[in-house]
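Final position of the sequence shown in my numbering is 436; the numbers increase by one with none missing.
Written below as structure tokens is the structure these notes are about.
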Amino acid sequence: MARPRRVLIITYYWPPSGGSGVQRWLKMAKYLPEFGWEPVIYTPQNPELMAKDEELLREVAPNLQVWKRPIFEPYSLYKWFTGKKGQALQPGFISDHTDKVPRKERIALFIRSNFFFPDPRCFWRRPSVRYLKKRLKKEPVDRIITTGPPHSMHLIGKDLHRKTGIPWLADFRDPWTGMYYFKHLNMLASTLKRHKRAEEAIVREANVVTVVSPQMKRDFLPLKPKRIEVIFNGYDEDDFEVEPLSLDGKFTICHTGLFTRDANPDRLWQALSSIVAENEGFKEKLHILLVGQTDGIVKKSIEEAGLLPHTQFMPYVSHSEAVAYQKGANLLLLTLKKEPESQGIITGKFFEYLAARKPVLGIGPVGGDLAEILAECNAGTMHEFEDFEGLRRSLLHYYRFFSWKKPWEASLPQAIAAYSRKNLCGKMAELLG
């Protein structure tokens with residue numbers, strides 16, 4: 004009897020690691036067997052956990068093979084150098100209270116950007132290739148998948164592909180040199196060239212490249228990939244069986260996940276402040292719920308707008324809790340970055356917002372990829388960051404639905420269904436051949 008087709012998935016993020024990075028391939032591994040593929044996971048034994056979610060371990064099938072090897076990461080040296088010894092690293096290394104980056108952190112960033120290529124997980128590359136090459140002789144697979152960032156995973160895949168000839172799919176959850184923060188990394192010209200050469204080699208040598216947005220595909224096409232396809236992030240229908248959390252009859256505007264300074268919607272806070280000043284009912288009912296790590300600059304803007312009495316800050320919660328908050332809210336806030344690269348950014352959280360069947364107030368490029376899907380699903384409105392009047396109108400529009408106690412039923416279920424994790428996994432399985 005022929006063995007089932009097996010695919011090795013090389014990923015840095017795996018439960019109990021939490022956050023957005025783990026979701027895509029946790030869900031792909033869940034559904035791949037339904038499309039004739041047996042996944043095998045290769046992941047670090049001791050990664051730096053910037054967020055932890057033990058509940059996600061329940062989604063790992065009991066019979067799923069998970070291969071682990073120790074990894075050395077220089078974050079302990081970073082913590083010692085910057086005086087953060089004993090502290091957990093925050094996602095995105097965001098500040099909690101100031102917009103000034105301390106000198107030691109600037110030096111640490113320069114070292115990280117120029118001496119750890121392509122990222123601090125680089126020390127895992129050679130040991131992983133040796134280990135996997137040896138193990139695959141005894142336990143062969145038919146395909147290799149790497150997912151990045153971190154892009155060290157792709158370098159492992161490239162080396163393994165060259166040594167074994169096993170077909171390889173490189174999955175980019177974010178751009179590489181086109182990522183919005185890349186230009187802020189204080190790289191030497193020689194380091195930047197090295198990144199560009201490595202990125203080009205990955206894109207050209209992989210049998211298939213997958214990306215998460217049409218703009219990413221357009222950006223990678225000049226590198227001449229053999230084949231490149233868009234496989235969006237999505238939502239898992241099973242996750243939305245949780246009961247919505249009751250939010251005490253308030254008009255709740257909810258944001259879940261990391262809220263960074265470069266996504267701070269100043270005009271939104273000002274628009275809310277202006278409505279509070281003139282509408283007593285709105286003032287009484289307004290509840291701003293920010294679930295997850297929130298940068299100090301965002302908190303400062305909320306305070307300056309006089310909205311602190313209406314705002315609740317919550318720490319990182321489990322994925323299932325975040326979904327419950329999304330389902331219980333009246334309006335879901337989604338802000339992209341104040342960067343030109345946001346044109347092609349479609350966050351994984353966006354698709355969960357769609358599945359929550361609550362209106363989405365998006366802030367970012369109105370002509371971008373995310374805005375196009377939002378319109379396609381008729382699931383909310385998109386505004387530029389400076390659109391004060393437009394934000395006011397949308398806020399009052401959604402508040403009226405709340406006041407009339409009418410459910411939000413404007414979104415298009417069939418359009419949203421195309422982004423279910425299972426449907427998207429089927430497309431990924433087709434690319435594996």
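Glycine included, every Cβ here is placed at the ideal spot set by N, Cα and C.
Classification of Pro73 by the beta-carbon crowding that lies within 10 angstroms, buried from 16 upward
exposed
For Leu11, which of helix, strand or coil comes out of DSSP?
strand
Gln346: first and last residue of the uninterrupted beta strand (DSSP E) it sits in
That residue, Gln346, is in no beta strand (DSSP E); it is neither H nor E in DSSP.
Would you check if the distance between the CB atom of Arg176 and the CB atom of Gly160 is smaller than 8 Å?
no
Here's the rule: buried if 16 or more other CB atoms are within 10 angstroms of the residue's CB, otherwise exposed. What is Ile291?
buried
Over the uninterrupted alpha helix (DSSP H) stretch that includes His187, give me the two end residues.
Note, His187: premise wrong, no alpha helix (DSSP H); not H, not E.
Of the residues Asp222, Pro19, Gln68 and Asp241, the one placed nearest Val233, counting alpha carbons only
The alpha carbon of Val233 has as its nearest neighbour, out of Asp222, Pro19, Gln68 and Asp241, the alpha carbon of Asp222.
With distances taken between CB atoms, is the gap from Asp174 to His154 smaller than 8 Å?
no
Gln26 in three-state terms, based on DSSP
helix
Same chain, Cβ closer than 8 Å to Ser249, neighbours up to 5 away in sequence not counted
Gly331
Lys361 to Val245 span [Cα, whole Å]:
15 Å
Tell me whether Asp241 is buried or exposed, calling it buried when 16 or more other Cβ atoms sit within 10 Å of its Cβ.
exposed
Those runs of the alpha helix (DSSP H) which lie wholly inside the region 144-230 and span at least 4 residues
Restricted to the region 144-230, the alpha helix (DSSP H) segments that are unbroken, complete and at least 4 residues in length are 155-167, 192-208 and 217-223, listed in chain order.
Have a look at Val294 and Ser321 and give me their C-alpha separation to the nearest angstrom.
Roughly 10 Å between the two C-alpha positions.
Just to confirm before moving on: does the CB-CB distance between Leu398 and Leu310 stay below 8 Å?
no
With 8 Å set as the bound, which would you pick, yes or no: does the beta-carbon of Glu108 sit closer than that to a beta-carbon of chain C?
Here chain C cannot be found, since the structure has a single protein chain.
Quick check on DSSP: helix, strand or coil for Ile300?
helix
Exposed unless 16 or more other CB atoms sit within 10 angstroms - verdict on Phe262
buried
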